[in-house]
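Visitor: Residue numbers (my numbering), protein chains in the order written: chain X, 6 to 235; chain L, -10 to 348.
All C-beta atoms, glycine included, are put in the ideal place defined by N, C-alpha and C.
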Amino acid sequence: MTMLSPEEWEAVRLTLAVAARAVGFGLPLAVLTAWVLTRCHFPGRPLLNAVVHLPMVLPPVVTGWLLLIVFGIRGPVGMLLHDWFGIRLVFTTAGASLACAVMTFPIMVRSVRLSLEAIDGGLEQAARTLGAGWFDRLVNVTLPLASPGILVGAIVGYATCLGEFGAVITFAANIPGQTQTLPLAIYAALQVPGGEAKAAELSMISLTLAVVGLVLSDWIGKRLNTVLGR
Amino acid sequence: MSFSLALRHRFASIEMDVAFEVRSPGVTVLFGPSGAGKSTIINAAAGLLRPDWCRVAIDGAVLADTDAGVWLPPEKRRAGMVFQDSRLFPHMSVATNLRFGMRRVAPGEIRFDDVVDLLGIGDLLDRRPKALSGGERQRVAIGRALLAQPKLLLMDEPLASLDAARKAEILPYLARLKTALRLPVLYVTHALDEAAQLADSLVLVEAGRVVAYGGTAEISARAELPLASRDDAGAVLICRVEAHDPVRLLTRLQGGGAAFLLPLLDLPVGALCRIRVPAREVILAGRAPDSISLHNVIAGTVRRIARDPVRRSVMVEIGLPDGGLLSRVTADAVVRLGLAPGAPVLALIKSTSIEVLGS
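1. Of the choices L:Arg100, L:Val83, L:Gly90, L:Ala137, whose alpha-carbon is the least far from that of Asp112 of chain L?
2. List the residues of chain L that Ala123 of chain X touches, going by C-beta distances under 7 Å, in chain order.
3. Counting only runs that start and end within the region 62 to 103 of chain L, where is the beta strand (DSSP E) found for 3 or more residues in a row?
4. Whole angstroms are fine: how far does the CA of Ile264 of chain L sit from the CA of Asp234 of chain L?
5. With a cut-off of 8 Å on the beta carbons, I'd call Trp60 of chain L and Ala53 of chain L a contact; round off their distance for me.
6. Tell me whether Ala260 of chain L is buried or exposed, calling it buried when 16 or more other Cβ atoms sit within 10 Å of its Cβ.
7. Can you tell me the Cβ-Cβ gap for Ile338 of chain L and Val266 of chain L, rounded? I've got them flagged as a contact below 8 Å.
8. Return helix, strand or coil for Arg26 of chain X, following the three-state DSSP convention.
9. Report yes if the C-beta distance between Val225 of chain L and Leu273 of chain L is below 7 Å; otherwise report no.
10. In chain order, which alpha helix (DSSP H) runs of at least 4 residues are fully inside the region 143 to 231 of chain X?
11. Evaluate the contact criterion for the region 188 to 200 of chain L versus the region 151 to 159 of chain L: three or more CB pairs, one atom per stretch, below 8 Å.
12. Less than 7 Å between CB atoms is the rule here; does Met6 of chain X satisfy it with respect to chain L?
13. Check Ser10 of chain X in the structure and name its three-state DSSP category.
14. Anything in chain X within Cβ reach of Phe(-8) of chain L, meaning under 7 Å, just list it in chain order.
15. Does DSSP put Arg155 of chain L in a helix, a strand or coil?
16. Mark Lys65 of chain L as exposed unless 16 or more other C-beta atoms lie within 10 angstroms of its C-beta, in which case mark it buried.
17. In the structure shown, what three-state DSSP assignment does Val318 of chain L receive?
18. Check whether the Cβ of Gln130 of chain X lies closer than 7 Å to any Cβ atom in chain L.
19. How should Cys43 of chain L be labelled, buried or exposed, when 16 other C-beta atoms within 10 angstroms of its C-beta is the threshold for buried?
20. What residues are listed by DSSP as bridge partners for Gln186 of chain L?
21. Rounded to the nearest angstrom, how far is the Cβ of Val28 of chain X from that of Thr186 of chain X, given a contact under 8 Å?
22. Starting from the C-beta of Arg39 of chain L, find all residues in its chain whose C-beta is less than 7 Å away, skip the five residues before and the five after it, and write them out in chain order.
23. By Cβ distance below 6 Å, which residues in the same chain neighbour Gly162 of chain X in space, the five residues on each side in sequence not counted?
24. Would you tell me roughly how many angstroms separate the C-alpha atoms of Pro278 of chain L and Ala196 of chain L, rounded to the nearest one?
25. Taking the alpha carbon of Ala350 of chain L as the point to measure from, which residue in L:Ala25, L:Gly24, L:Val45, L:Pro22 has its own alpha carbon closest?
26. With a 10 Å radius around its C-beta and 16 neighbouring C-beta atoms as the bar for buried, classify Met6 of chain X as buried or exposed.
27. Looking only at C-alpha atoms, which of L:Gly90, L:Val200, L:Leu141, L:Thr341 sits nearest to Arg171 of chain L?
28. So what does DSSP say about Thr17 of chain L, is it helix, strand or coil?
29. If you draw a straight line from the C-alpha of Leu59 of chain X to the C-alpha of Leu42 of chain X, how long is it?
30. For Val95 of chain X, which option in X:Pro48, X:Gly69, X:Glu201, X:Leu212 has the closest C-alpha, if you only look at C-alpha atoms?
31. Quick one: which residues of the region 138 to 160 of chain X get their C-beta closer than 9 Å to a C-beta of chain L? List them in chain order.
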């Protein structure tokens, strides 16, 4: 096994950082969205549900392209961010995180939503009769009971981020040290004659990370259920 | 002081139209078959269900009045609720569950230690709800509702999910609670024993309507009500212990304007106690028999005669000076004794067939 070059280690570090940021920003929003989808009844709910799940069914390249349209320098949101805050997302690490967050968002929402739906609505009613307002109930009853789903969503989301390819390469490009995450590095290695060994090594790292993530999520889910008295 | 509730609501299967007003500190039992709409009433009182039209008031304080646009949400009603399935928070210990409502209101007169004592849950405080038995869970749920310092206590079939033994374990706690509390309690049940033991007032609900409501003694002794057509029908009387006769091993109770002799009771003189006289145990007579084992020969007047075509029997309501009794007899007996409303009659009751329900 040849040693990985510093650039390749950089790709591993970058991948972990990008995924962390994607989950860090995406998870709270996913929890909120899941809560809205399960607890609030409004006319636009099916539409919101469809939009949230879109990245799951669209080709990732299309998602990346849509992100370019919206968050590109000339895009409606991208222009605002650039002109007002001097933030550029396209072809940056932050952009790679955004692409990852959007791609894993449906997975996180689904996981949180399943655990929210599994909560006995009667418990929230009981909390109401005991004087707890909606935010109080959310913080002290709903979220603690949904915490296994939230944590599992975070871990599975994180693991999925590590493998995100299409949307990232389309929106953030393949820039070593900035947007070249593991799958992109593997792809790049395969483009170079004789790079198969490197690609194999990087793939092994990728595989290990994924397995660790899945085992961890299973273990945490079980632990939490015990802690929560179920 | 009174508690009043009125509501109208149209469900797909049933149309509810309900109104009643009962004395305020005291237990009001909503009694009726499953599907009659009892839970709808209690959920409307809690604010968990908003009927098409509704008015709820305790001693003049309005909790809901849809005409005036008043609808306090459940979290603002101070209506403690005990659910059939206890609904303890699984991620909290018993102690934390008990303090959930308490921490969200100003300190009141219902104290943590007193409630824990009263319900006998001191040994359970560190446990999780999962590690409790059904009966223990319900006791904790009752404590949790009480500690929220409610102005109204709602109990939706709190014993329905328990077996007879667990039920017998909790009923005494509820009876103790009843005397210790000074707030209106609305108690839903379809079990006659719970109603007879706990109710100060009875509200009979059937198919979305209130059939009758009033004091327990009064309602339980009315021959024309659906309550009287049950096999186990019987009048409830609130009595006071008048004297014990340790030689004859008898206790004399005074209630409904009549005196009852029972096998010696373990209650102090002057104590209140409830008895139930099953209708099928009451014999009617024109004049008092002599030389008979029976102790209770109670004079009254026939108030009402209700025929029961299904059982081919007749329910006779006997008026006492301050209450009433029920007697189930055959139609033939009515003819032979010449019973008619207003006629004097003697009710013969075996001491041992009178059920003592506690205080």
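Guide: In this structure, then:
1. The residue given as residue 112 of chain L occupies position 123 in the second sequence. Looking at the Cα atoms, L:Val83 is the closest of the given residues.
2. Along the first sequence, read from residue 1 onward, the residue named residue 123 of chain X stands at position 118. The contacting residues do not exist; Ala123 of chain X stays about 12 Å from chain L at best.
3. With a minimum length of 3 residues, the continuous beta strand (DSSP E) runs that stay inside the region 62 to 103 of chain L are 68 to 71.
4. Residue mapping note: residue 234 of chain L aligns to position 245 of the second sequence, counting from 1. Residue mapping note: residue 264 of chain L aligns to position 275 of the second sequence, counting from 1. Taking the CA atoms as reference points, Asp234 of chain L sits about 19 Å from Ile264 of chain L.
5. Here residue 60 of chain L refers to the residue found at position 71 of the second sequence. Here residue 53 of chain L refers to the residue found at position 64 of the second sequence. So it is a contact: roughly 5 Å between Cβ atoms.
6. As a position in the second sequence, residue 260 of chain L is number 271, starting the count at 1. That one is exposed.
7. Within the second sequence, residue 338 of chain L is the residue found at index 349, counting from 1. Within the second sequence, residue 266 of chain L is the residue found at index 277, counting from 1. At roughly 6 Å, the Cβ-Cβ gap stays under 8 Å, so Ile338 of chain L and Val266 of chain L are in contact.
8. Looking up residue 26 of chain X in the first sequence gives position 21. Here DSSP, grouped into helix, strand and coil, assigns Arg26 of chain X to helix.
9. Sequence index remark: in the second sequence, residue 225 of chain L carries index 236 (1-based). Sequence index remark: in the second sequence, residue 273 of chain L carries index 284 (1-based). 7 Å or more divides the Cβ of Val225 of chain L from the Cβ of Leu273 of chain L.
10. Qualifying alpha helix (DSSP H) stretches, in chain order: 148 to 167, 171 to 177, 187 to 196.
11. Flag = no, the region 188 to 200 of chain L and the region 151 to 159 of chain L do not touch.
12. Taking the first residue of the first sequence as position 1, residue 6 of chain X is located at position 1. Residue confidence is low: Met6 of chain X scores 48 on pLDDT, short of 50, so the model does not pin down where it sits. No coordinate-derived value is stated.
13. As a position in the first sequence, residue 10 of chain X is number 5, starting the count at 1. Here Ser10 of chain X sits in coil by DSSP.
14. To locate residue -8 of chain L, count along the second sequence from 1; it is residue 3. Below the 7 Å Cβ cutoff, chain X contributes no neighbours of Phe(-8) of chain L, its closest Cβ being approximately 17 Å away.
15. On the second sequence, residue 155 of chain L is found 166 positions in, with the first residue counted as 1. Helix, per DSSP.
16. The sequence position of residue 65 of chain L within the second sequence is 76, counting from 1. Burial call: exposed.
17. Within the second sequence, the letter at position 329 stands for residue 318 of chain L. In the three-state scheme derived from DSSP, where H, G and I count as helix and E and B as strand, Val318 of chain L is classed as strand.
18. Locating residue 130 of chain X in the first sequence gives position 125, counting from the first residue. The Cβ of Gln130 of chain X sits closer than 7 Å to at least one Cβ of chain L.
19. By 1-based counting over the second sequence, the position of residue 43 of chain L is 54. Counting Cβ neighbours within 10 Å, Cys43 of chain L comes out buried, since at least 16 surround it.
20. Indexing the second sequence from 1 puts residue 186 of chain L at position 197. Gln186 of chain L is not bridged to any residue.
21. By one-based count along the first sequence, residue 28 of chain X stands at place 23. By one-based count along the first sequence, residue 186 of chain X stands at place 181. Contact flag wrong, Cβ pair sits at about 14 Å.
22. Within the second sequence, numbered from 1, the residue matching residue 39 of chain L stands at position 50. Excluding its 5 nearest sequence neighbours in each direction, Arg39 of chain L has C-beta neighbours in its own chain below 7 Å: Trp60, listed in chain order.
23. Numbered from 1 along the first sequence, position 157 holds the residue referred to as residue 162 of chain X. The beta carbon of Gly162 of chain X lies closer than 6 Å to those of Val28, Thr109, Ile112, Met113 in the same chain, with the five residues before and after it left out.
24. Taking the second sequence and counting its residues from 1, one reaches residue 278 of chain L at position 289. Taking the second sequence and counting its residues from 1, one reaches residue 196 of chain L at position 207. Between Pro278 of chain L and Ala196 of chain L, the alpha-carbon positions lie close to 45 Å from each other.
25. Any property of residue 350 of chain L remains undetermined from this structure, which presents chain L solely from -10 to 348.
26. As a first step, residue 6 of chain X is located in the first sequence; it is residue number 1 there, counting from the start. Residue confidence is low: Met6 of chain X scores 48 on pLDDT, short of 50, so the model does not pin down where it sits. No coordinate-derived value is stated.
27. Residue numbering aside, residue 171 of chain L sits at position 182 when the second sequence is read from its first letter. Looking at the Cα atoms, L:Leu141 is the closest of the given residues.
28. The residue given as residue 17 of chain L occupies position 28 in the second sequence. Here Thr17 of chain L sits in strand by DSSP.
29. In the first sequence, residue 59 of chain X corresponds to position 54, counting from 1. In the first sequence, residue 42 of chain X corresponds to position 37, counting from 1. Put simply, the backbone Cα of Leu59 of chain X is about 15 Å away from that of Leu42 of chain X.
30. Taking the first residue of the first sequence as position 1, residue 95 of chain X is located at position 90. Comparing Cα-Cα distances from Val95 of chain X to each of X:Pro48, X:Gly69, X:Glu201, X:Leu212, the minimum goes to X:Gly69.
31. The residues in question are Gly138, Trp139, Asp141, Arg142, Asn145, Val146, Pro149, Leu150, Ser152.
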